[in-house]
Amino acid sequence: MKVSLFITCLSDAIYPRVGEAMVRLLANYGVKVEFPTVQTCCGQPAFNSGYWDEARATAKTILEAFEDCDFVISPSGSCTGMIHHYPKLFENDAIMYEKAVKLQSKSYEFTQFLVQVLGVTDVGATFPHKVTYHPSCHGSRLLGVKDEPLALMSKVKGLEFVPLPFAEDCCGFGGTFAVKMSEISGAMVSEKSDHVKETEAEVLVGLDMACLMNIAGNLRYRNEPVRVMHLAELLYEGVKQA
Amino acid sequence: MSSGHGHSDGATVKERADLALNNDFLRKAVKFTTERLKGGKLKATEEHGNWEEWRERGKQIRLHTIAHLDYYLNLFVDNARANGVHVHFADTAEEAVHISLSIAERKQAKSVVKSKSMVTEELHLNHALESIGVEAVETDLGEYIIQLAGETPSHIIIPAIHKNRYQIADLLSEDAGEKLEPDTSILAGYVRRKLRAKFLEADIGMTGCNFAIAETGSMVLFENEGNARMVTTVPKTQITLMGMERIIPSWADLEVMATLLPRSATGQKLTVYMSGITGPRRSADADGPDEMHIIIVDNGRSLQLGDPEFQELLNCIRCGACLNACPVYRHIGGHAYGGTYSGPIGAVLTPSLQKNVAEWDDIANASSLCGACYEACPVKIPLHEMLIYLRRRKIESGHGDKVEAIGMKGFATVMSKSGRFKAALKLGKLGQKLVARNGEIRIKIGPLKGWNSVRVTPSLPKKSFRDQWGTMEAEIRNGLKEMDPDMKNRMEAIVKDRANGGGHGHG
Amino acid sequence: MADTHQDWLIEMEAESRSKQTKFINSISEKLRRPMVTEPPRHPFRGSPDFWNDYELNEEERIERFTTNFKSVGGHVQRLSTMEEVQRFIADKASELSAKYVIRQNQPELDELGLEGALPGAQVSVWNSDPEQHWKARAAEADIGVVIADYAAAYTGSITVLSSKDKGRSVSLLPTVLMAIIPVERLKTRLGEIMVHFDEGGRDSLPAGIHFISGPSRSADIENDLTIGVHGPGVVYALIVG
């Protein structure tokens, strides 16, 4: 079984620790993750802004990178969700369309893979902190990743889970939206930070570094002492501690 | 009322939104109302149960009807005529206005009482009626208030969502010619008395249409106040303006719509009144209109027919659930959208109803594509995807922003080859030396201006994931554990199932 | 321009019919196929099967209707005979000092004998005199009395159908509405009522079919619930039998 990591350009460039947490956690289950280096970006920024030719140019690197593996895992619901748009993106190219459908059927967000494919909910972690969780829109709404992260957290020893009020509200990232409509985006992320603060959690976790970069950036700007991390990081740190 | 009135000033969605964001009352009022409606909807749908199956059924009924719209519209028209209704067709807003005014002139009407209708807002019909000396009175409480204020609705269900009781008391006091206290029951009581008189003296009652039942030629109205019943019961002439896509085949299908619409709109099991009007009054009846007209309006709707990316837009049942779910709407309110329809549905519908996409397209940018609208939609319209299609069409038609286009070209150049991406990262690490401090970037210039005005940006770490991979891989290979046979079997079964056409794909 | 209004309507109809052909043809063209003229197969007609099987027994229906109707500010009274209905209405009318009462012209309501039971009020019978202005009579009434054609427990709705003897105004214009629901007319689902309209077809339908689920309401001013904006602000559902 060949399992390949789709790191996403953001985690590759800014949050390599997330990818490391994923591959090291999976190694504990005998999953040897591959990393095809021809991959770059899923093309979402261009796709969502309407530049589909440009999106196709980058999407091709992803289709090429993962052509011969059995499972593709990614630390982002949004970038995995983008792969689900590939069939539409390549609807006028029969060969690429077929590849796109194939890739879609084997692509998993990280917790989806852990829970649904490997059947793991208890990774044996200990993490004695108060934690809240922001379900990113694309992962939860478009991929339907809702219960997996909660199941994983419920098995972490010492973890006190505090539900985030209005958790399902978008954090305001939205890719180029945060730049084009910066005032609206700013109002949205400020509201999200208010809700995080209300929980009095020490740690905010999520499944998408783009959203977390947005929220963390605002929390940091406001000097709120909340640690922001990907759930894979939390689990890996918890396993090391246990 | 002209199309420009009631909108916040500002030429673009961004400018209007920025103004709205500075209006504290507006933000709080919109937030409070949408939370209330959203909460009501959630409670009602959970209590009812099987919501996904109901949504799917609603979607299928709408898909079926629109796919056979020619058949069902013909059937509706034949039946409505047999019921004694005068049916008219209008390709454009101008034609619909022309027909409405001809009827009003023929009836020598002095006044028209109206119940809430988004189509008539689309046509700016009140203004047209007034231009020929016919008084047009909105009779829904919220609509009456915004009519007095000379504004347009900012929410499809709660039109005066943006006004507080003091503003409303001032408006109604001016109307009454006496001071009215800012107390809801006093204000509503005044409107009841005032409009009673208007109903009884009006020559024409004008309505919209929630659904039109093809098999019996009936038109159906959902409402809570009773004003739509007044409008269809008291005046001698009734004019109904109906979007050409309002059709459903049967009363059996109405049960599904009646299950979806009120729950999605306000969380009610049913609106206080649901009325099915089948023709004018029968000759022996002592109330109901003597004469009934239905004007079937296209006004850009047929542009969606046969367009695989947008045809589902015609499935919309105008419940407003997407507005209540939308975090952007909640922050900027309805007027910032600049069209008759606001929120996610407005962001897609407004440009889609106009042939001139370029003029309206910046609305499509006012979304973070979070998909809350799709999740809330009782007939599952993929609005979040349509927004992307609109953006793409703008680029394809050559109306894109030139600077952005250059940026995207650059993005594609870098990202289409991993070597270039790697080089760009290296360059970035060099470049950020000027601005990064302690792993953070705080400058507010260039592309980081908007972003960094409420955020801190992380800088690039020394080594990217791909830089670290070689060492990491060697370590992992050494410490790799044996895979549990059950796990292995599961993975193999999934791969096998996939080869047989299974898999876990989504739309 | 046409001489009489009737001529004008005929002109408009001719225009409409010629426009119809163009209008519908353009829809067929946009859908890229010839015009559909035969009824298409509609596999998703009406509610899902699991819902059509849903049924409450009589006691459950009464209870559900009552809960729903009360939750929106309506009043519900369970009464066993029409005599009790008469007494209830008479007591309420005197409690509210009703001066004008209007009722539908129905045999069950004739038998109720409200005229004798309400000495302090003038009781009018809808459309019983061609000289009267009946909408005005209903508008001035303190109480309107109707007998429901159907009711649906699941949504807490009363259904009234219009006719010569059953004015739409009677359930709409008075301040207070009293709706008598014979218990056998109380169904579980809306669909059990709507099926009659599909089965009876266009010819059988009255001009007005109204589902009423409580008193008139609005939340248009600062979300503050107001009762009785245009329709009756006080509604009694009297379940009999």
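Residue numbers (the UniProt record's numbering), protein chains in the order written: chain A, 1 to 242; chain B, 1 to 507; chain C, 1 to 241. Virtual Cβ for every residue (Gly too), placed ideally from N, Cα, C.
Simplified DSSP state of residue i, which is helix, strand or coil
{"i": "B:Phe89", "result": "strand"}
{"i": "A:Leu164", "result": "coil"}
{"i": "B:Met206", "result": "strand"}
{"i": "C:Leu238", "result": "strand"}
{"i": "A:Gly124", "result": "coil"}
{"i": "C:Gln77", "result": "strand"}
{"i": "A:Lys157", "result": "strand"}
{"i": "B:Tyr341", "result": "coil"}
{"i": "C:Gln122", "result": "strand"}
{"i": "C:Thr155", "result": "coil"}
{"i": "C:Ile227", "result": "strand"}
{"i": "B:Lys269", "result": "coil"}
{"i": "B:Ala82", "result": "helix"}
{"i": "A:Lys240", "result": "helix"}
{"i": "A:Tyr15", "result": "coil"}
{"i": "B:Tyr190", "result": "helix"}
Bridge partners - residue i, DSSP secondary structure assignment
{"i": "B:Ala291", "result": "For the record, residue 291 of chain B in the displayed sequence is Glu; it is not Ala. DSSP lists B:Thr237 as partners of B:Glu291."}
{"i": "B:Ile277", "result": "B:Met219 and C:Gly208"}
{"i": "B:Thr34", "result": "DSSP lists no partner for B:Thr34."}
{"i": "B:Pro378", "result": "DSSP lists no partner for B:Pro378."}
{"i": "A:His230", "result": "A:Gly206"}
{"i": "C:Arg103", "result": "C:Val125 and C:Val145"}
{"i": "B:Glu440", "result": "B:Arg437 and B:Pro458"}
{"i": "C:Pro182", "result": "C:Val240"}
{"i": "A:Phe71", "result": "A:Val3"}
{"i": "B:Met491", "result": "DSSP output for B:Met491 lists no bridge partner at all."}
{"i": "B:Met242", "result": "B:Ile296"}
{"i": "A:Val33", "result": "A:Val3"}
{"i": "A:Thr132", "result": "A:Leu204"}
Residue i beta carbon near the ligand MG (any heavy atom closer than 6 Å)
{"i": "B:Asn210", "result": "The ligand MG is not part of the structure shown, which contains no ligands of any sort."}
Nearest neighbour of residue i, chosen from the options [CA to CA]
{"i": "C:Asp142", "options": "C:Tyr150, C:Tyr100, C:Ala179 and C:Ser94", "result": "C:Tyr100"}
{"i": "B:Arg193", "options": "C:Pro206, C:Gly231 and C:Leu161", "result": "C:Gly231"}
{"i": "B:His384", "options": "B:Lys429, B:Ile406, B:Lys422 and B:Val328", "result": "B:Val328"}
{"i": "B:Glu56", "options": "C:Glu63, C:Glu59, C:Gly46 and C:Phe65", "result": "C:Gly46"}
{"i": "C:Pro34", "options": "B:Asp24, B:Leu69, B:Glu181 and B:Thr33", "result": "B:Leu69"}
{"i": "C:His196", "options": "C:Ala151, C:Thr226 and C:Asp7", "result": "C:Ala151"}
{"i": "C:Trp134", "options": "C:Leu172, C:Val36, C:Glu63 and C:Val240", "result": "C:Leu172"}
{"i": "B:Gly501", "options": "A:Lys106, A:Asn28, A:Thr58 and A:Arg56", "result": "A:Lys106"}
{"i": "B:Asp253", "options": "B:His98, B:Glu46 and B:His64", "result": "B:His64"}
{"i": "B:Thr457", "options": "A:Phe6, A:Lys2, A:Gly158 and A:Leu10", "result": "A:Leu10"}
{"i": "B:Lys426", "options": "A:Ser193, A:Ile14 and A:Leu25", "result": "A:Ile14"}
{"i": "B:Phe89", "options": "B:Ile248, B:Leu390 and B:Met242", "result": "B:Met242"}
{"i": "B:Gly306", "options": "B:Ile66, B:Ala20 and B:Trp54", "result": "B:Ile66"}
For residue j and residue i, the rounded distance between their alpha carbons
{"i": "B:Leu377", "j": "B:Ala321", "result": "Note on identity: in this sequence residue 377 of chain B is Cys, with Leu being the wrong assignment. The straight-line gap from Cα to Cα measures roughly 6 Å."}
{"i": "C:Pro215", "j": "B:Ile186", "result": "18 Å"}
{"i": "B:Ser275", "j": "C:Arg137", "result": "22 Å"}
{"i": "B:Glu416", "j": "A:Ser4", "result": "The sequence as given places Ser at residue 416 of chain B; Glu does not occur at that position. Looking at the two C-alpha atoms, the distance is approximately 19 Å."}
{"i": "B:Trp51", "j": "A:Leu142", "result": "17 Å"}
{"i": "B:Lys448", "j": "B:Glu440", "result": "According to the sequence shown, residue 448 of chain B is Leu rather than Lys. For B:Leu448 and B:Glu440, the distance between alpha carbons rounds to 13 Å."}
{"i": "B:Lys394", "j": "B:Val134", "result": "41 Å"}
{"i": "A:Glu64", "j": "B:Leu387", "result": "28 Å"}
{"i": "B:Leu101", "j": "B:Glu130", "result": "10 Å"}
{"i": "A:Glu202", "j": "B:Leu26", "result": "33 Å"}
{"i": "B:Leu460", "j": "B:Lys444", "result": "18 Å"}
{"i": "A:Pro16", "j": "B:Ile345", "result": "39 Å"}
{"i": "C:Asp7", "j": "B:Gly84", "result": "16 Å"}
Pull out every residue of the stretch 42-70 of chain B whose Cβ sits closer than 9 Å to any Cβ of chain A, in chain order. Hits within the stretch: zero.
Could you list the residues in the stretch 108-131 of chain C with a C-beta less than 8 Å from some C-beta on chain B, going in chain order? Closer than 8 Å at the C-beta level to chain B, one finds these residues of the stretch 108-131 of chain C: Trp126 and Asn127.
Quick one, which residues of the stretch 215-234 of chain A are near chain B if we go by CB-CB under 7 Å, in chain order? Along the stretch 215-234 of chain A, the positions whose C-beta sits under 7 Å from a C-beta of chain B are Gly217, Asn218, Arg220 and Tyr221, read in chain order.
Any C-beta of chain A within less than 9 Å: which residues of the stretch 374-390 of chain B qualify? Taking 9 Å as the cut-off between beta carbons, the residues of the stretch 374-390 of chain B near chain A are Tyr374, Glu375, His384, Glu385, Leu387, Ile388, Tyr389 and Leu390, in sequence order.
Which residues, in chain order, does the stretch 45-58 of chain C contribute to contact with chain B at a C-beta distance below 9 Å? Result list: Arg45, Gly46, Ser47, Pro48, Phe50 and Trp51.
Any residues in the stretch 77-95 of chain A with a beta carbon nearer than 7 Å to a beta carbon of chain B? Which ones, in chain order? Contact residues of the stretch 77-95 of chain A toward chain B are His84 (C-beta to C-beta distance below 7 Å).
Please identify, using Cβ separations under 7 Å, the residues of the stretch 99-132 of chain B that lie next to chain C, in order along the chain. Flagged, chain order: Arg106.
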